[in-house]
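First up is the structure itself, then whatever we jot down about it.
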Amino acid sequence: MTKVKSIIFFDGVCNLCNTSIDFVIQRDKKNHFLVGALQESFSKQILAKFDVREDYLDSIVLVEAGEIYYKSTAALKIARNLSGLWPTLYVFMIIPTFLRDPIYDWIGANRYRWFGKKNTCRIASPAEKAKFLSEENLNQTGFAL
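Each residue of the sequence shown is one higher than the one before, starting from 10 at the first, in my numbering.
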């Protein structure tokens, strides 16, 4: 039986976002996640099923067990599945989103200015192909469109 994976959608031209995705890939020892750029057409096709605007780039998006999560909630749910001590950050879920998300929004609003951006979306290296969202990888996970 194939394991249904969670999918992380990120801003593919944002340097901070790409560094964060590298961080997640390195610590996803249980192979829990697939990742895809929000700007990619296949990502947009999946997100349309959840009524996400086609031009949405405001935050990281996590699709997990048929549910969709944004901003700090997505980040904490991702941390919960990483190796090392990162799952301990999940305790911050007790803080209401109206307190957590303004900090996330402040960093997000300044991410290009502070960290820069690329002209095009990141391309997965051959070693990373299995971690990046594709029709083939999605079909192998049991995730239903």
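Where a beta carbon is used, it is the ideal one built from N, C-alpha and C, also for glycine.
Quick caveat, the model's predicted, so the values are computed rather than measured.
If residue i sits next to residue j, beta carbons under 8 angstroms apart, how far is it from one beta carbon to the other, in whole angstroms?
i	j	result
LEU47	ARG120	Rounded, the Cβ-Cβ distance is 13 angstroms, inconsistent with contact.
ALA88	LEU98	4 angstroms
GLU137	PHE51	In fact, because the Cβ distance is near 16 angstroms, the residues do not count as touching under 8 angstroms.
Counting along the chain, where does the alpha helix (DSSP H) carrying residue i start and finish?
i	result
ALA57	50-57
ALA88	80-88
ALA118	106-124
PHE32	24-36
Leaving out the 5 sequence neighbours to the left and right, which residues in its chain are closer than 7 angstroms to residue i when beta-carbon positions are compared?
i	result
MET10	In this prediction, MET10 scores a pLDDT of 46, lower than 50, which makes its location untrustworthy; the coordinate-derived value is nonetheless stated afterwards. Taken in chain order, the list of residues that qualify is empty.
LEU85	LEU98, TYR99, PHE101 and MET102
LYS122	What sits at residue 122 in the sequence shown is Arg, not Lys. Cβ neighbours of ARG122 beyond the five flanking positions: none.
CB-CB under 8 angstroms to residue i, same chain, minus the five flanking residues each way: which ones, in chain order?
i	result
ASP60	none
ASP37	ASN90, LEU91, SER92 and LYS140
CYS130	GLY21, VAL22, ALA46, GLN48 and GLU49
ALA74	VAL13 and SER15
Go through its chain and collect everything with a Cβ distance to residue i's Cβ below 6 angstroms, but skip five positions before and after it.
i	result
LYS80	SER68, ASP110 and TYR113
PHE19	CYS26, ILE30 and ILE69
Is the Cβ-Cβ distance between residue i and residue j less than 7 angstroms?
i	j	result
VAL22	LYS126	yes
LEU71	ILE116	no
Starting from residue i and walking both ways along the beta strand (DSSP E), at which residues does that stretch end?
i	result
PHE18	15-19
PHE42	42-46
GLU73	70-73
Does the stretch 49-60 come within contact of the stretch 102-110, defined as at least 3 CB pairs closer than 8 angstroms?
no
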